[in-house]
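Each number in the numbering used here comes from the position in the first sequence (counting from 1) with 2 added on.
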Amino acid sequence: MEAKNRIIFHIDVNSAYLSWEAVYRLQHGDTLDLRTIPSVVGGDVTARRGIVLAKSIPTKPYKIKTGESLYSAKLKCPELVVVPPRYHLYMQCSKALISILEEYSPSIQQFSIDEVFLDFTNMEVHWGDFVNAAHKIKERVKKELGFTVNIGISSNKLLAKMASDLQKPDKVHTLFPHEIQDKMWPLPVEELFMVGRSTTFKLHKKGIFTIGDLATTDPNLLMQWFKSHGRLIWEFANGIENSPVRQDFPVKGIGNSSTLPFDIEDRKTGHRALLSLTETVAMRLRNIRKSAGVLSVFIKDRDFESCSHQRKLNVPTHSTNILYRIACQLFDEIWQGHPLRHLGVRASELYSDDFYQLSFFEPDIERQNALDTAVDEIRTQYGWNSIMRSCFLHSGLNPMMGGVIQEEEYPMMSSLL
DNA sequence: TCTGGGGTCCTAGGACCC
DNA sequence: TCTGGGGTCCTAGGACCC
Numbered sequence: 003m004e005a006k007n008r009i010i011f012h013i014d015v016n017s018a019y020l021s022w023e024a025v026y027r028l029q030h031g032d033t034l035d036l037r038t039i040p041s042v043v044g045g046d047v048t049a050r051r052g053i054v055l056a057k058s059i060p061t062k063p064y065k066i067k068t069g070e071s072l073y074s075a076k077l078k079c080p081e082l083v084v085v086p087p088r089y090h091l092y093m094q095c096s097k098a099l100i101s102i103l104e105e106y107s108p109s110i111q112q113f114s115i116d117e118v119f120l121d122f123t124n125m126e127v128h129w130g131d132f133v134n135a136a137h138k139i140k141e142r143v144k145k146e147l148g149f150t151v152n153i154g155i156s157s158n159k160l161l162a163k164m165a166s167d168l169q170k171p172d173k174v175h176t177l178f179p180h181e182i183q184d185k186m187w188p189l190p191v192e193e194l195f196m197v198g199r200s201t202t203f204k205l206h207k208k209g210i211f212t213i214g215d216l217a218t219t220d221p222n223l224l225m226q227w228f229k230s231h232g233r234l235i236w237e238f239a240n241g242i243e244n245s246p247v248r249q250d251f252p253v254k255g256i257g258n259s260s261t262l263p264f265d266i267e268d269r270k271t272g273h274r275a276l277l278s279l280t281e282t283v284a285m286r287l288r289n290i291r292k293s294a295g296v297l298s299v300f301i302k303d304r305d306f307e308s309c310s311h312q313r314k315l316n317v318p319t320h321s322t323n324i325l326y327r328i329a330c331q332l333f334d335e336i337w338q339g340h341p342l343r344h345l346g347v348r349a350s351e352l353y354s355d356d357f358y359q360l361s362f363f364e365p366d367i368e369r370q371n372a373l374d375t376a377v378d379e380i381r382t383q384y385g386w387n388s389i390m391r392s393c394f395l396h397s398g399l400n401p402m403m404g405g406v407i408q409e410e411e412y413p414m415m416s417s418l419l
């Protein structure tokens with residue numbers, strides 16, 4: 003039932019982590035509003051995670067980019083204020099936003115921690131004209147939660163998302179198909195959703211610099227250059243996109259990875275780090291009642307050379323011990339012995355756990371499950387560190403790396419929106 | 001003390017099968 | 001004999017997003 007004239011909102015929190023941090027600090031007696039000075043939320047430099055996670059609008063003249071190292075950000079702006087992240091707070095802020103939005107439409111899709119699509123089609127009877135409604139929502143969020151959002155409005159998700167990006171902060175924009183030429187085509191091509199660094203570079207070499215240039219390029223040519231991605235970005239440049247707002251995406255994979263506080267130089271420590279990562283991955287799998295059919299291990303060495311190795315499992319599983327054993331095998335098969343700064347474990351090809359298969363080779367499966375269940379219950383009740391493997395004592399490693407666990411894993415965005 | 005962590009999707013090449 | 005050809009599965013890597 004493809005509605006012809008849909009009204010889609012895209013709600014985007016302005017400088018999300020930074021705004022949330024600023025609001026929290028103001029509420030706790032701080033007098034300085036981080037949003038009004040050049041400031042960033044950044045990772046821990048001593049733990050080798052020193053990058054910009056979010057930046058305030060006053061950093062704009064310094065050309066500080068999300069993802070760049072704090073070292074280089076400080077070179078650009080010596081008076082930059084850097085504050086550490088508080089992921090737990092951000093999850094709460096995100097939830098609070100969602101619960102307000104849920105009042106305005108039964109059809110909302112969380113796209114990331116700070117972006118939400120809302121299908122406003124047929125909702126005018128309840129809330130009035132869509133532009134007024136968007137303003138009402140925006141003001142309510144500001145008044146009740148203390149942070150500002152941009153709301154983009156159009157007839158599909160892509161255009162709504164592009165609209166919310168137009169001018170920040172605290173704005174409502176429309177970008178309906180008849181406005182594309184005026185509002186979207188003059189923008190630099192890299193501002194189009196799904197045109198990243200690599201594609202931008204190649205497009206520039208072909209003389210394509212604006213979204214309008216891209217929109218008016220022969221799509222067959224783009225397909226020759228970029229395969230299916232060429233078709234996709236041509237359609238996006240022309241505002242063509244019609245995926246529904248939906249909340250029931252299946253989760254495709256669950257993974258954890260971590261930059262370690264020190265380089266790993268021996269196999270035993272490598273395995274220990276894998277165990278730590280696997281504990282959280284397996285717990286999250288069990289939490290959503292899924293078993294993994296494929297396990298992958300990802301490593302990155304001191305020189306930032308990285309590679310991955312994966313294996314399809316004979317029998318899907320969510321058992322910490324079995325997944326750990328396979329992770330170690332994969333690790334031993336690819337690691338050349340170079341000092342490692344980063345390790346990752348990811349479970350994919352997820353199967354529902356409604357039943358699990360007994361394997362001839364894993365006669366122990368019932369006991370493994372019983373053990374995992376017991377440990378999960380203790381950790382849920384008494385906290386994550388209430389029970390841990392003794393090998394982590396004095397190891398310098400967190401026994402459960404990565405993974406803020408959620409009641410519900412919400413699926414991340416995809417190129418299909 | 002420069003360079004995070006969570007995802008999704010696509011493609012290419014090799015193995016294997018008929 | 002100068003090397004079919006189509007299909008599927010598997011794996012590694014790259015591109016993109018926030």
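We put the beta carbon where it would ideally sit given N, CA and C, even for glycine. All of these numbers come straight from a predicted model, not from anything done at the bench.
Residue 477 in three-state terms, based on DSSP
For the chain, the structure presents residues 3 to 419; residue 477 sits outside this window and is missing.
Element boundaries [alpha helix (DSSP H), containing residue 184]:
Locating residue 184 in the first sequence gives position 182, counting from the first residue. Run containing residue 184: 182–185, per the alpha helix (DSSP H) assignment.
Which residue's Cα is closest to the Cα of residue 95: 49, 145, 149?
As a working mapping, residue 95 is identified with position 93 in the first sequence. Ranking the options by Cα distance to residue 95, first place goes to 149.
Please report the straight-line C-alpha distance between residue 204 and residue 163, rounded to a whole angstrom.
Residue 204 sits at position 202 when you count from the first residue of the first sequence. Residue 163 sits at position 161 when you count from the first residue of the first sequence. Using only the alpha carbons, I get a separation of about 24 Å.
With distance defined between alpha-carbon atoms, name the residue in 23, 335, 232, 317 nearest to residue 93.
Taking the first sequence and counting its residues from 1, one reaches residue 93 at position 91. That would be 23, whose Cα lies nearest to the Cα of residue 93.
My understanding is that residue 75 touches residue 25, with C-beta atoms under 8 Å, so please give their C-beta distance in whole angstroms.
By 1-based counting over the first sequence, the position of residue 75 is 73. By 1-based counting over the first sequence, the position of residue 25 is 23. Taking C-beta atoms under 8 Å as the contact rule, residue 75 and residue 25 fail to qualify, at a distance of about 22 Å.
Taking all protein chains shown into account, decide if residue 184 is buried (16 or more other Cβ within 10 angstroms of its Cβ) or exposed.
As a position in the first sequence, residue 184 is number 182, starting the count at 1. Residue 184 comes out exposed.
For residue 247 versus residue 111, is the C-beta distance shorter than 8 Å?
On the first sequence, position 245 is the one that residue 247 refers to. On the first sequence, position 109 is the one that residue 111 refers to. With contacts defined as CB atoms closer than 8 Å, residue 247 and residue 111 qualify as a contacting pair.
Just confirm the distance between the C-beta atoms of residue 174 and residue 153, as a whole number of angstroms; I'd bet it's less than 8 Å.
As a working mapping, residue 174 is identified with position 172 in the first sequence. As a working mapping, residue 153 is identified with position 151 in the first sequence. That pair is a contact at about 5 Å.
Examine the Cβ distances between the region 247–265 and the region 345–353 and report whether three or more of them are shorter than 8 Å.
Short answer: they touch.
With residue 68 and residue 55 assumed to form a contact (beta carbons below 8 Å), what rounded beta-carbon distance in angstroms separates them?
Your numbering for residue 68 matches position 66 in the first sequence. Your numbering for residue 55 matches position 53 in the first sequence. Correct: roughly 7 Å between the Cβ atoms.
Name the DSSP bridge partner or partners of residue 103?
If you number the first sequence from 1, residue 103 lands on position 101. For residue 103, DSSP records no beta bridge to any residue.
Closest Cα partner of residue 10 within the set 101, 27, 108:
Mapped onto the first sequence, residue 10 falls at position 8. Here the closest residue by C-alpha is 108.
Note down, in chain order, each residue of its chain lying with its Cβ closer than 6 Å to the Cβ of residue 216, except the 5 sequence neighbours on either side.
Position 214 of the first sequence holds residue 216. Spatial neighbours of residue 216 in its own chain (CB-CB distance under 6 Å, excluding positions within 5 residues in sequence) are listed in chain order as 191, 210, 239.
Pull up the distance between the alpha-carbon of residue 48 and that of residue 263, whole angstroms please.
On the first sequence, position 46 is the one that residue 48 refers to. On the first sequence, position 261 is the one that residue 263 refers to. Looking at the backbone, the Cα of residue 48 and that of residue 263 are separated by about 8 Å.
With the cut-off set at 8 Å, would you say residue 401 and residue 321 are in Cβ contact?
The residue given as residue 401 occupies position 399 in the first sequence. The residue given as residue 321 occupies position 319 in the first sequence. No, they are not a contact pair.
Backbone CA spacing between residue 146 and residue 98 [nearest angstrom]
Locating residue 146 in the first sequence gives position 144, where the first residue counts as 1. Locating residue 98 in the first sequence gives position 96, where the first residue counts as 1. Computed Cα separation, rounded: 10 Å.
Might you give, ordered along the chain, the residues of its own chain that have their beta carbon closer than 7 Å to the beta carbon of residue 326, omitting 5 neighbours on each side?
Position 324 of the first sequence, counting from 1, holds the residue named residue 326. Excluding residues within five positions, the ones whose Cβ falls inside 7 Å are 276, 277, 280.
Should residue 329 go down as buried or exposed, given a rule of 16 or more other Cβ atoms within 10 Å for buried?
Taking the first sequence and counting its residues from 1, the one referred to as residue 329 is at position 327. With 16 or more other CB atoms across the displayed protein chains lying within 10 angstroms of its CB, residue 329 is buried.
Secondary structure of residue 70, DSSP reduced to three states:
Here the question's residue 70 lines up with position 68 in the first sequence. Note: residue 70 maps to coil in three-state DSSP.
Mapping DSSP to helix, strand and coil, what is residue 401?
Counted from its first residue, the first sequence places residue 401 at position 399. Of the three classes helix, strand and coil, the one that applies to residue 401 here is coil, per DSSP.
Residue 378 CB to nearest heavy atom of the ligand NAD below 7 Å
The ligand NAD is absent from the structure shown, which contains no ligands of any kind.
Suppose you measure from the CA of residue 315 to the CA of residue 308; what does that come to, to the nearest Å?
Locating residue 315 in the first sequence gives position 313, where the first residue counts as 1. Locating residue 308 in the first sequence gives position 306, where the first residue counts as 1. It is roughly 23 Å from the alpha-carbon of residue 315 to the alpha-carbon of residue 308.
Just reading off the alpha helix (DSSP H) that residue 143 is part of, what are its end residues?
Here the question's residue 143 lines up with position 141 in the first sequence. Here the alpha helix (DSSP H) through residue 143 covers 132–147.
How would you label residue 40, buried or exposed, when you count the other beta carbons within 10 angstroms and need 16 or more for buried?
Against the first sequence, residue 40 aligns to sequence position 38. The residue in question, residue 40, is buried, as its Cβ has 16 or more Cβ neighbours within 10 Å.
Is the CB-CB distance between residue 51 and residue 123 below 8 Å?
By 1-based counting over the first sequence, the position of residue 51 is 49. By 1-based counting over the first sequence, the position of residue 123 is 121. In terms of Cβ geometry, residue 51 and residue 123 do not form a close pair [threshold 8 Å].
Output the boundary residues of the alpha helix (DSSP H) element that contains residue 205.
Locating residue 205 in the first sequence gives position 203, counting from the first residue. First-last of the alpha helix (DSSP H) with residue 205: 199–207.
Based on Cα-Cα distance, which residue from 79, 73, 53, 71 lies nearest to residue 64?
In the first sequence, the residue the question calls residue 64 occupies position 62. When the alpha-carbon of residue 64 is set against those of 79, 73, 53, 71, the nearest one is in 79.
Kindly give me the distance between the Cβ atoms of residue 14 and residue 117, rounded to whole angstroms, as I take these residues to be in contact under 8 Å.
Here residue 14 refers to the residue found at position 12 when the first sequence is read from its first residue. Here residue 117 refers to the residue found at position 115 when the first sequence is read from its first residue. In this structure residue 14 touches residue 117 by the C-beta definition: roughly 5 Å separates them, less than 8 Å.
For residue 297 and residue 313, believed in contact at Cβ under 8 Å, the rounded distance
Residue 313 sits at position 311 when you count from the first residue of the first sequence. Residue 297 sits at position 295 when you count from the first residue of the first sequence. That belief holds up - the Cβ atoms of residue 313 and residue 297 are roughly 6 Å apart, short of 8 Å.
Candidates 201, 193, 155: which alpha carbon is nearest residue 180's?
As a working mapping, residue 180 is identified with position 178 in the first sequence. The candidate whose alpha carbon is nearest that of residue 180 is 155.
Is residue 123 helix, strand or coil by DSSP?
In the first sequence, the residue the question calls residue 123 occupies position 121. Reduced to three states, the DSSP call for residue 123 is coil.
Per DSSP, residue 300 is paired with what?
As a working mapping, residue 300 is identified with position 298 in the first sequence. Bridge partners of residue 300: 310, 346.
Taking DSSP as the reference, what is the three-state secondary structure of residue 316?
Position 314 of the first sequence, counted from the first residue, corresponds to residue 316. Three-state result, residue 316: strand.
Distance, Cα to Cα, residue 18 vs residue 89?
In the first sequence, residue 18 corresponds to position 16, counting from 1. In the first sequence, residue 89 corresponds to position 87, counting from 1. Whole-angstrom Cα-Cα distance: 11 Å.
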